[in-house]
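In our numbering, the protein residues as written are -14 to 159.
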């Protein structure tokens, strides 16, 4: 298909999120709509509560009353999701569902994008973006999960630590 799948927000009755997710997944399987509806997700966060009996950890819904669905918006896919018991509708303007932007999907952490960097601690790199463009430095630390790299850059005769995003540096080509 020419159109790619996007994430949409589905509004549900509060407390029906798990039921809605399970029902959509079952409908996709029975109607063979795997090519239209790719994934259903309920954003959760891990919460640690300090009680008299010690710390208690549990999962809590980030957005109660909402379910995220990655789908190619067609009349058939819309109908399948909209007519699930507990769904009140899609989030969007009027009757037109609005897809989430890539930035919103990243912030929600719904899709995990694996970042592959071509350098490691101790490697020499060139800064390709930002105010220090074209400076070179040595990688001191990598925090891939936080999208950060710390470099030691020689500026004005002094070694200076600089923290940048992973895509702001590239390995020096030999």
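The beta-carbon is built from N, C-alpha and C at its ideal position, and this holds for glycine as well.
Asked	Found
Sequence-distant residues of the same chain with beta carbon closer than 6 angstroms to residue 114, five excluded per side	153
Alpha-carbon spacing of residue 106 relative to residue 130, whole angstroms	15 angstroms
Cβ pair residue 43, residue -4 closer than 8 angstroms	no
Neighbourhood of residue -13 by C-beta, 8 angstroms cutoff - its chain only, sequence neighbours within 5 removed	In this predicted model, residue -13 has a pLDDT of only 42, less than 50, meaning its place in the structure is not dependable; the value taken from the coordinates is given anyway. Within the same chain, residue -13 has no close Cβ partners at all.
Below-8 angstroms beta-carbon distance, residue 27 vs any chain B residue	Included in the structure is just one protein chain, with no chain B present.
Length of the line joining the Cα atoms of residue 64 and residue 80	12 angstroms
Inter-residue Cα distance where the pair is residue -8 and residue 142	50 angstroms
CA-to-CA distance, residue 110 to residue 46, given in whole angstroms	41 angstroms
Proximity winner among 72, 39, 30, relative to residue 1 (alpha-carbon distances)	72
Cβ shell of residue 13 (< 7 angstroms), same chain only, five flanking positions each side left out	19, 22
Assigned exposure category for residue 122 - 16 Cβ within 10 Å defines buried	buried
Paired residues, beta bridge with residue 109 - DSSP	123
Among -1, 132, 140, 156, nearest to residue 149 - alpha-carbon criterion	132
Beta carbon of residue 76 nearer than 8 angstroms to that of residue 9	no
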